[in-house]
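If you use this note's numbering, the sequence shown corresponds to residues 16 to 387, in order.
Note that beta-carbon positions come from the ideal geometry of N, C-alpha and C, so glycine has one too.
Remember, predicted model here, so these are calculated numbers, not experimental data.
Working notes for the structure below.
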Amino acid sequence: MATIPSPTLISEIAYPTHRETSTFAYNVCWYLGAIFASWVTYGTRNIQSKASWAIPSYLQAALPFLQISMLWLVPESPRYLVARGKIDQARAVLSRFHTGNSTDARDIALVDFELHEIESALEKDKTISSSYFDFITKKNFRKRGFLCVAVGVAMQLSGNGLVSYYLAKVLDSIGITETKKQLEINGSLMIYNFVICVALMSVCRMFKRRTLFLTCFSGMLVCYTIWTILSALNEQRNFEDTGLANGVLAMIFFYYFFYNVGVNGLPFLYITEVLPYSHRAKGLNVFLMAQFITQVYNGYVNPIAMDAIEWKYYIVYCCILFVELVVVFFTFPETSGYTLEEVAQVFGDEAPGLQNRKLEDEKNSIDHAEHV
């Protein structure tokens, strides 16, 4: 219930030029929880009682109460407020988060423009049916539906499910079998991932969406290929070559660098950009359903395959990553540099917020003033 509205709310509240960073940060915060969980389990591993599993479990149950206690700090979506006719409340939210409640004429003009754009988009949405079947029957929504499924599958079927949930089996396959060492690697990997994501979050606005996706899948494919070769050589040498084992370990860290470039925070940003307000919740449902179905595959197939054919199973993911790279190259449109309403133009929709030249000129003058 939190996964669907959270990225949507972030994208709708964020200042237009900050939307990329804010939405990118949503999934990055997953690593904060992963760091906490990995090192708590590391610290309780030697407790000779039920506390070894009870402490991590109770902490996992306690943290959501902290989130609930802070819900009153979360503002309502201005698009939701406008849709309910609460224009003054929507104006207050936009003014607070986009201008700091400034009374400057240009800041007031910016809020007025954003309100007008939202109202125009909602008026247009009233004439559009909002159904899951639209992702099948309507051309401009078919591509959106395809992107929701493709990105959702890629988030879980790019090899990350193998490393995230079965890292112990991967490490066993290269001769690293000590539990303490495996937990240390897992905890260190989570810290590394968080640091990389924070760095990427700071510069994501500098790069186009397609550039990030293509860099991500190309890098993951190269890393998995080298990883597979090193694992094969390590098996031939009876797992006695520590250099090869360390090489595989290095590839895991390099792989996660590229994974975080395009398949961690970026998907939630990209999906909220390609979906109009009328279909955003439904599209996110499709996106998440694609992830959940793929996780079923990860949960049932990955451990069996790793036990049966070990490193040879990596070849499957090399092939999957190649297919994903081709799909991204030929089907993923660029969306950076647009407002949420303007992205509709990329899919052949009318841009409701730019129905006349005067409004467009006003927007350009506001944007120009901001950059100057």
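What does the alpha-carbon distance come out to for the pair residue i and residue j?
i, j, result
"residue 292", "residue 118", "29 Å"
"residue 107", "residue 66", "49 Å"
"residue 22", "residue 90", "14 Å"
"residue 196", "residue 334", "31 Å"
"residue 13", "residue 38", "The structure shown does not extend to residue 13, since the chain is modelled only from 16 through 387, so no value can be given for it."
"residue 350", "residue 289", "7 Å"
"residue 384", "residue 328", "Low per-residue confidence applies at residue 384: pLDDT is 45, beneath 50, and the placement is therefore not dependable, though the value from the model is reported in the following sentence. Near 55 Å, if we compare the C-alpha coordinates of residue 328 and residue 384."
"residue 321", "residue 198", "19 Å"
"residue 113", "residue 73", "39 Å"
"residue 242", "residue 295", "38 Å"
"residue 88", "residue 202", "31 Å"
"residue 150", "residue 302", "12 Å"
"residue 177", "residue 269", "15 Å"
"residue 154", "residue 165", "17 Å"
"residue 359", "residue 223", "17 Å"
"residue 353", "residue 324", "47 Å"
"residue 159", "residue 233", "23 Å"
"residue 81", "residue 306", "27 Å"
"residue 103", "residue 95", "12 Å"
"residue 8", "residue 156", "Outside the shown range of the chain (16 to 387) lies residue 8, about which nothing can therefore be said."
"residue 169", "residue 278", "7 Å"
"residue 238", "residue 34", "30 Å"
"residue 123", "residue 110", "8 Å"
"residue 17", "residue 86", "12 Å"
"residue 332", "residue 139", "43 Å"
Comparing C-alpha positions only, which one of the options sits nearest to residue i?
i, options, result
"residue 254", "85, 186, 43 and 73", "186"
"residue 227", "347, 210, 59 and 61", "347"
"residue 276", "149, 173 and 120", "173"
"residue 251", "162, 326 and 116", "326"
"residue 188", "296, 247 and 298", "247"
"residue 137", "99, 171 and 150", "99"
"residue 31", "126, 207 and 146", "126"
"residue 182", "102, 249, 264 and 206", "264"
"residue 78", "64, 51, 304 and 124", "51"
"residue 180", "317, 330 and 342", "317"
"residue 433", "87, 244, 258 and 225", "Because the chain in this structure spans residues 16 to 387, residue 433 falls outside the shown range and cannot be described."
"residue 193", "60, 141 and 360", "60"
"residue 69", "81, 80 and 56", "56"
"residue 44", "143, 208, 257 and 239", "208"
"residue 190", "309, 219, 261 and 230", "261"
"residue 271", "212, 308 and 95", "212"
"residue 310", "171, 357, 319 and 135", "171"
"residue 343", "210, 206 and 167", "167"
"residue 216", "152, 332 and 42", "42"
"residue 40", "314, 54, 297 and 284", "284"
"residue 46", "133, 256 and 210", "210"
First and last residue of the alpha helix (DSSP H) that includes residue i?
i, result
"residue 75", "66-84"
"residue 26", "20-28"
"residue 99", "It is not in any alpha helix (DSSP H) - residue 99 carries neither H nor E in the DSSP assignment."
"residue 158", "154-171"
"residue 285", "281-289"
DSSP three-state call for residue i: helix, strand or coil?
i, result
"residue 251", "helix"
"residue 61", "coil"
"residue 302", "helix"
"residue 147", "coil"
"residue 256", "coil"
"residue 38", "helix"
"residue 313", "helix"
"residue 334", "helix"
"residue 134", "helix"
"residue 91", "coil"
"residue 384", "With a pLDDT of only 45 at residue 384, under 50, the local geometry of the prediction cannot be trusted, and no value is derived from it."
"residue 118", "coil"
"residue 32", "helix"
"residue 278", "coil"
"residue 320", "helix"
"residue 142", "coil"
"residue 174", "coil"
"residue 17", "coil"
With a threshold of 7 Å (Cβ to nearest heavy atom), would residue i be considered close to the ligand GDP?
i, result
"residue 302", "What this structure holds is no ligand at all, so the ligand GDP is not there to describe."
For residue i, decide whether its Cβ has a neighbour in chain D, counting only Cβ atoms nearer than 8 Å.
i, result
"residue 239", "Of the protein chains in this structure there is only one, and it is not chain D."
**Asked** Fully enclosed by the stretch 183-244, which alpha helix (DSSP H) runs are 4 residues long or longer?
**Response** With a minimum length of 4 residues, the continuous alpha helix (DSSP H) runs that stay inside the stretch 183-244 are 194-218.
**Prompt:** Could you give the uninterrupted runs of the beta strand (DSSP E) lying entirely in the stretch 340-364, keeping only those of 3 residues or more?
**Reply:** As far as the stretch 340-364 is concerned, it has no whole beta strand (DSSP E) run of at least 3 residues.
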